[in-house]
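A.B. asks: Dropping the structure in here first, questions after.
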Ligand code: HEM
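Numbering (this note's numbering), first residue to last: 3 to 470.
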């Protein structure tokens, strides 16, 4: 055991290190200011050009208020995937991985550089996505992709160094999923570099968009879904009142999801011929089946009697939101399966169905998980209580309502009922308001603490239980 090593944890401990005075001397605290910067920036990304911009675009598209340039949707997607999801994952990983390995975060300077590179790269990419409207957008797209790639490689190196410094035997639960998820973020960033190269070669930034769908597949199905599988395995089942998982099913789901993500990513990247098309569809079908197996294996819908006095138990609103997130994942699986199978059979379904599937995963599952689990984890990392639990709870309900409204875009073409688009058009405002409320609860918790709170030490405030 190294000098700084702490007892090894099989699962991610959520409370013990963050109690009161112990917090101040905790070896994990050195990396908290950095994680805070990642998490704050991630939330501001979705509050600006992410969810909010998406809501304006949705209203415009579905209520036919005017044309939306494709670049608006591309910038929205960049801010959501790189700004919101990736930066949030990085910020949480820089706390969760050291805590579950029982050692402080290694290579702190490299970790700091990973923030500057990834966020700087996102800004360069977003500028590049303006295309012919502005000067030098093609090189900006390439530089942005290169910076993001360097940032994600630095992220992987920091996690690997931290994991290697853990005493033997090193924690293995969820490690393959987390390693694969990190590798997928690197693959997604390589695709961004390819976009940039194509844009520079052709002298037109818009040419880069050819690989957008492939990037979305690598980021969503590879990066985000693998990290979700890893985190669900690492967090104590008692924290979410899950029953102990069925490990063989989780193993099969992991293998299937990797194959599915690979087929969808490669299929979307290849030139648009029937083989590429079929590969993409097979990837969707495999991903849908693997996700279903995961939901059964993780037993996310099976009730287990929560242990009310357990210090690990997440508040009821968080547990409900997590189940809602997995219900959205099941909806994504059903829609992706229908889309993929019917495409394979030669019957192309409306693209709105694919948009409904994508947002069931991105908004209903990933955003809900980030904001609900984030509101549970951040107070434990920072040692301060959640400030606006009511705003978080209301926000999570609005996100659920917003998603239900958004799914009307799936029913509208199927039942030839264009008026349903009025509902889906307005749903973005509801969902974005929900995101703003839940994010404000987390942001409020990350404000610098008053000295009385720090001195207060352990108690109902410091252990976050006021929030139940
Ligand atoms: C309030 C929540 C959201 C709203 C209102 C929203 C809105 C939109 C709209 C209007 C589009 C264009 C759809 C079309 O072309 O018909 C879009 C596309 C997209 N969104 Fe969202 N979105 C939201 C959340 C998210 C989240 C959380 C993610 C990812 C984590 C995401 C990722 C994407 C992607 C990848 C696309 C495809 C972009 C393209 O066409 O190239 N969205 N979204």
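Glycine included, each C-beta is placed from N, C-alpha and C at the ideal position.
Let me check you understand the geometry: is the CB of residue 369 closer than 7 Å to at least one non-hydrogen atom of ligand 1?
C.D. replies: yes
A.B. asks: For the region 184-204 against the region 128-148, are there 3 or more C-beta pairs whose distance is under 8 Å?
C.D. replies: yes
A.B. asks: How far does the alpha helix (DSSP H) with residue 355 in it reach, from first residue to last?
C.D. replies: Here the alpha helix (DSSP H) through residue 355 covers 353-361.
A.B. asks: Out of 395, 221, 195, which has the shortest C-alpha to C-alpha gap to residue 209?
C.D. replies: 195
A.B. asks: With a threshold of 7 Å on Cβ separation, who are the neighbours of residue 153 within its own chain once the five nearest residues in sequence on each side are excluded?
C.D. replies: 116, 119, 120, 123
A.B. asks: Which residues in the same chain have their Cβ closer than 8 Å to the Cβ of residue 133, if we skip the five residues on either side of it in sequence?
C.D. replies: Leaving aside the five residues that flank residue 133 on each side, the residues in its chain whose CB is nearer than 8 Å to its CB run, in chain order, 73, 139, 206, 207, 208.
A.B. asks: Tell me, to the nearest whole angstrom, how far the beta carbon of residue 443 is from that of residue 393; I am working on the premise that it is less than 8 Å.
C.D. replies: 5 Å
A.B. asks: Extract the residue ranges of the alpha helix (DSSP H) inside the region 145-222, only unbroken runs of 4 or more that lie entirely within it.
C.D. replies: 177-204, 214-219
A.B. asks: Inspect the beta-carbon positions of residue 99 and residue 43 and report whether they are closer than 8 Å.
C.D. replies: no
A.B. asks: If you follow the alpha helix (DSSP H) that residue 88 is in, where does it begin and where does it stop?
C.D. replies: First-last for residue 88: undefined, no H or E at that position.
A.B. asks: According to the neighbour-count rule (16 or more other Cβ atoms, all chains shown, within 10 Å of its Cβ), is residue 214 buried or exposed?
C.D. replies: buried
A.B. asks: Between residue 437 and ligand 1, is the CB less than 7 Å from at least one heavy atom?
C.D. replies: Yes, Cβ of residue 437 sits closer than 7 Å to a heavy atom of ligand 1.
A.B. asks: What is the residue span of the alpha helix (DSSP H) that residue 63 lies within?
C.D. replies: 53-64
A.B. asks: Can you determine whether any heavy atom of ligand 1 sits closer than 7 Å to the C-beta of residue 60, and answer yes or no?
C.D. replies: Within the cutoff, so yes.
A.B. asks: What is the residue span of the alpha helix (DSSP H) that residue 105 lies within?
C.D. replies: Unbroken run through residue 105: none, as it is neither H nor E.
A.B. asks: At a threshold of 7 Å, does residue 365 count as lining ligand 1 (C-beta to nearest heavy atom)?
C.D. replies: Within the cutoff, so yes.
A.B. asks: What number of angstroms, rounded off, separates the C-alpha of residue 55 from the C-alpha of residue 78?
C.D. replies: 7 Å
A.B. asks: Could you name the residues of the same chain whose beta carbon sits closer than 8 Å to that of residue 113, not counting the 5 residues immediately before and after it, in chain order?
C.D. replies: 33, 36, 96, 107, 156, 157, 160
A.B. asks: What do you reckon, are the CB atoms on residue 433 and residue 422 nearer than 8 Å?
C.D. replies: no
A.B. asks: Indicate the three-state DSSP secondary structure (helix, strand or coil) for residue 385 in the structure shown.
C.D. replies: coil
A.B. asks: Could you give the DSSP three-state label for residue 456: helix, strand or coil?
C.D. replies: In this prediction, residue 456 scores a pLDDT of 44, lower than 50, which makes its location untrustworthy; the coordinate-derived value is nonetheless stated afterwards. Helix.
A.B. asks: Helix, strand or coil for residue 374? Go by DSSP, reduced to three states.
C.D. replies: helix
A.B. asks: Extract the residue ranges of the alpha helix (DSSP H) inside the region 422-454, only unbroken runs of 4 or more that lie entirely within it.
C.D. replies: 422-447
A.B. asks: On a Cα-Cα basis, can you pick out the residue from 431, 85, 386, 355 that is closest to residue 412?
C.D. replies: 355
A.B. asks: Excluding the five sequence neighbours on either side, which residues of its own chain have a C-beta within less than 8 Å of the C-beta of residue 178, listed in chain order?
C.D. replies: 232, 256
A.B. asks: Taking 7 Å as the cut-off, is the CB of residue 57 close to at least one heavy atom of ligand 1?
C.D. replies: yes
A.B. asks: Work out the CA separation of residue 384 and residue 64 for me, nearest whole Å.
C.D. replies: 41 Å
A.B. asks: If distances are taken between C-alpha atoms only, which option among 408, 222, 198, 199 comes closest to residue 86?
C.D. replies: 222
A.B. asks: Exposed or buried, which one is residue 409 when buried takes at least 16 other CB atoms within 10 Å?
C.D. replies: Residue 409 is buried by the Cβ-count criterion.
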